[in-house]
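Have a look at the structure below before the remarks.
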Amino acid sequence: MVIGFTFNGRHISAIPHIAMRSVNRNVKPALRKNTIMIPGRDGYLDFGGDTYDSRQISVQIGFACQSFLELRSAARQVAGWLAGSGLLIFDDEPDKAYRAQVVTQIDLEQLRYWGYAEIEFECQPFAEALDFDQLVVEEADSPAEIPFTNRGTQSCSCLIIIRNIGSGDIKNITLTRKSET
């Protein structure tokens with residue numbers, strides 16, 4: 003089975019005569035250092051923190067065409083497809099996506115009708131689930147305890163939307179985060 007990827011809603015197989023090889027799909031992004039150097043003092047002050055830098059994911063695509071014209075056409079289709087930003091989804095992890103964009107140039111190494119190019123995606127640090135947990139509560143008593151769980155491997159923020167579909171006012175809402183024990 004050949005593993006490919008989808009970027010911005012389009013799968014690599016939609017472009018004829020190309021295939022993909024993973025070069026670097028790291029398992030953890032780099033931790034962002036939060037330090038300051040003070041002149042006249044040895045070392046540095048480390049303020050800690052739990053934030054991460056963007057993630058670089060590299061793939062190599064290979065072209066196997068029948069003519070120079072076909073090769074250049076496929077290369078231009080790839081260039082147009084990879085412009086902008088979008089979700090990057092790999093076939094072997096179809097339930098996860100990275101918010102990604104290609105910010106470096108894409109060089110084409112060419113030998114007659116064949117060629118390859120390395121593509122470096124700059125991604126947000128962590129993959130997102132494509133099937134976000136959405137908890138809909140039609141009606142809640144007061145006080146109500148409505149638990150929800152982060153199924154990922156990294157702490158993250160969440161979005162809570164409270165929509166009043168009734169005619170009365172909603173008052174005295176308190177949200178409390180409880181840690182797992």
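Offset between the sequence shown (1-based) and my numbering: plus 2. Just so you know, even glycine gets a beta-carbon here, dropped at the ideal spot from N, CA and C.
**Report entry** Range of the contiguous beta strand (DSSP E) that encloses ARG78
**Finding:** As a position in the sequence shown, residue 78 is number 76, starting the count at 1. From DSSP, ARG78 is part of no beta strand (DSSP E) but of the alpha helix (DSSP H) over 70 to 83.
Query raised in the report: If you check the beta carbons only, do ILE5 and PHE92 fall under 8 Å apart?
Result: Here the question's residue 5 lines up with position 3 in the sequence shown. Here the question's residue 92 lines up with position 90 in the sequence shown. Closer than 8 Å, so yes.
Requested in this report: Keeping to the same chain, check which residues put their C-beta closer than 6 Å to that of ARG57; ignore five residues upstream and five downstream.
Outcome: Translated into positions along the sequence shown, residue 57 becomes position 55. Closer than 6 Å at the Cβ level, and outside the excluded window around ARG57, lie PRO31, CYS125, PRO127.
**Report entry** Endpoints, beta strand (DSSP E) assigned at ARG195
**Finding:** Because the chain in this structure spans residues 3 to 183, residue 195 falls outside the shown range and cannot be described.
Query raised in the report: Counting Cβ pairs closer than 8 Å, one from the segment 73 to 92 and one from the segment 41 to 48, do we hit at least three?
Result: no
Requested in this report: Grab me the residues of TYR100's own chain with a C-beta within less than 6 Å of its C-beta, minus the 5 sequence neighbours each way, in chain order.
Outcome: On the sequence shown, position 98 is the one that residue 100 refers to. Taken in chain order, the residues that qualify are LEU90, CYS125, ALA129.
Query raised in the report: How would you call GLY45, buried or exposed, if buried means at least 16 neighbouring beta carbons within 10 angstroms?
Result: For the purposes of this step, residue 45 is identified with residue 43 of the sequence shown, where counting begins at 1. Exposed, by the Cβ-count rule.
Query raised in the report: From ALA119, GLN79, ILE167, ASP171, pick the residue whose C-alpha is nearest to that of VAL139; which is it?
Result: By one-based count along the sequence shown, residue 139 stands at place 137. Minimum Cα distance to VAL139 is reached at ILE167.
Query raised in the report: From TYR54, PHE49, TRP116, pick the residue whose C-alpha is nearest to that of ALA21; which is it?
Result: Taking the sequence shown and counting its residues from 1, one reaches residue 21 at position 19. Among TYR54, PHE49, TRP116, the Cα nearest to that of ALA21 is on TRP116.
Query raised in the report: Does the distance from the C-beta atom of LYS88 to that of PHE9 stay below 8 Å?
Result: Against the sequence shown, residue 88 aligns to sequence position 86. Against the sequence shown, residue 9 aligns to sequence position 7. Note on identity: in this sequence residue 88 is Gly, with Lys being the wrong assignment. A contact, by the Cβ cut-off of 8 Å.
Report task. Let me know the secondary structure DSSP gives SER15 once reduced to three states. Result -> On the sequence shown, residue 15 is found 13 positions in, with the first residue counted as 1. Three-state result, SER15: helix.
Requested in this report: Find out if the Cβ-Cβ distance for the pair ASN28, PHE49 is shorter than 8 Å.
Outcome: Along the sequence shown, one-based indexing puts residue 28 at 26. Along the sequence shown, one-based indexing puts residue 49 at 47. Taking 8 Å as the Cβ cut-off, ASN28 and PHE49 do not qualify as a contacting pair.
Report task. Buried or exposed for ILE163, please, with buried defined as at least 16 other CB atoms from any protein chain shown within 10 angstroms of its CB. Result -> Your numbering for residue 163 matches position 161 in the sequence shown. ILE163 comes out exposed.
Query - Cβ-based burial, PHE65 [other Cβ within 10 Å; buried from 16] - result: As a working note, residue 65 is residue 63 in the sequence shown. PHE65 is buried by the Cβ-count criterion.
Query raised in the report: Out of PRO96, LEU33, ILE59, GLY170, which has the shortest C-alpha to C-alpha gap to VAL105?
Result: For the purposes of this step, residue 105 is taken as the residue at position 103 of the sequence shown. Looking at the Cα atoms, ILE59 is the closest of the given residues.
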